[in-house]
Amino acid sequence: MEIRPFTASDADAVFEVHRRAFEGRTDESRIVQRLHDADKAVVSLVAVENDRIVGHVLFSPVSVADQKEVGKVAGLAPVGVLPENQNEGVGSSLIEHGFVECRDAGVDAVVVLGDPGYYSRFGFERASEYGLGNEYGADEGFMVKPLTEGALDDVDGIVTYRPEFQSDED
Ligand SMILES: CC(C)(COP(=O)(O)OP(=O)(O)OC[C@H]1O[C@@H](n2cnc3c(N)ncnc32)[C@H](O)[C@@H]1OP(=O)(O)O)[C@@H](O)C(=O)NCCC(=O)NCCS
3 MEIRPFTASD ADAVFEVHRR AFEGRTDESR IVQRLHDADK AVVSLVAVEN
53 DRIVGHVLFS PVSVADQKEV GKVAGLAPVG VLPENQNEGV GSSLIEHGFV
103 ECRDAGVDAV VVLGDPGYYS RFGFERASEY GLGNEYGADE GFMVKPLTEG
153 ALDDVDGIVT YRPEFQSDED
């Protein structure tokens, strides 16, 4: 399996990966499409197996309260793997590579909204313990992972995702 950056020619395959990963729902696929169209992905990676895209992960910038410096914190969402390729380490590999790329892009911390049973293995911790809140009323499901030492020392408040995450009007 190869992990490499997303390119525009991957768009259809990536749409399909999320549609199938999320049981036929296209919300996540369309979020990914909008973020790419707006050029707002900090990191976007595909997993390729036998010349086929089997997984994709995206990290986008989030703002924290009235923090001026947008881009220091990124949100991991979505991550999806084709059903027939799940539980083979593809998702973990995409996420771990994503952390490295995020750090290279100057990101200090990553937030995620999801299942702590899955994300805690990557070092994510409950974000409220770092003074970070979210717009969705989640508690233990909203997590953060610092990528650099002291990354969250001066950061607290409500985390807001890009407008591309809001459902479309059509
Ligand atoms: C979540 C997902 C990306 C994980 O990718 P993957 O390639 O299957 O994961 P890995 O092979 O790296 O890891 C497998 C482990 O994750 C666990 N896992 C997978 N999905 C999980 C979930 N939703 N909640 C808790 N644990 C989960 C598996 O039980 C397995 O655990 P184990 O290592 O203890 O056996 C993939 O299952 C998927 O696309 N799911 C549907 C879409 C989704 O829910 N995305 C995440 C929300 S944005």
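Numbering follows this note's numbering, with no gaps: position 88 of the sequence shown is 90. We put the beta carbon where it would ideally sit given N, CA and C, even for glycine.
Residue j and residue i - do their beta-carbons sit closer together than 8 Å?
{"i": "Val100", "j": "Val64", "result": "Just to set this straight, residue 100 is Gly in the shown sequence, not Val. Their beta carbons are not under 8 Å apart, which means Gly100 does not touch Val64 by this criterion."}
{"i": "Ser95", "j": "Ala43", "result": "no"}
{"i": "Val81", "j": "Val75", "result": "no"}
{"i": "Val112", "j": "Val161", "result": "no"}
{"i": "Leu37", "j": "Ser11", "result": "no"}
{"i": "Val109", "j": "Tyr132", "result": "no"}
Residue i lies in the alpha helix (DSSP H); which residues open and close that run?
{"i": "Pro118", "result": "118–121"}
{"i": "Val102", "result": "92–106"}
{"i": "Ala13", "result": "13–23"}
{"i": "Glu30", "result": "29–39"}
Output the distance between the C-alpha atoms of residue i and residue j, rounded to the nearest integer angstrom.
{"i": "Asp172", "j": "Glu151", "result": "Reliability of the predicted coordinates at Asp172 is poor, the pLDDT of 47 falling under 50, and no value is obtained from them."}
{"i": "Arg128", "j": "Asp141", "result": "7 Å"}
{"i": "Pro165", "j": "Pro7", "result": "23 Å"}
{"i": "Gly57", "j": "Phe126", "result": "21 Å"}
For the beta strand (DSSP E) containing residue i, list its first residue and its last residue.
{"i": "Ala111", "result": "111–115"}
{"i": "Met145", "result": "144–148"}
{"i": "Ser130", "result": "Where Ser130 is concerned, there is no enclosing beta strand (DSSP E), given that its DSSP letter is neither H nor E."}
Can you list every residue whose CB sits closer than 6 Å to some heavy atom of ligand 1, going in chain order? Result (chain order): Ala23, Phe24, Ala79, Pro80, Val81, Gly82, Val83, Gln88, Asn89, Glu90, Gly91, Val92, Gly93, Ser94, Gly116, Asp117, Gly119, Tyr120.
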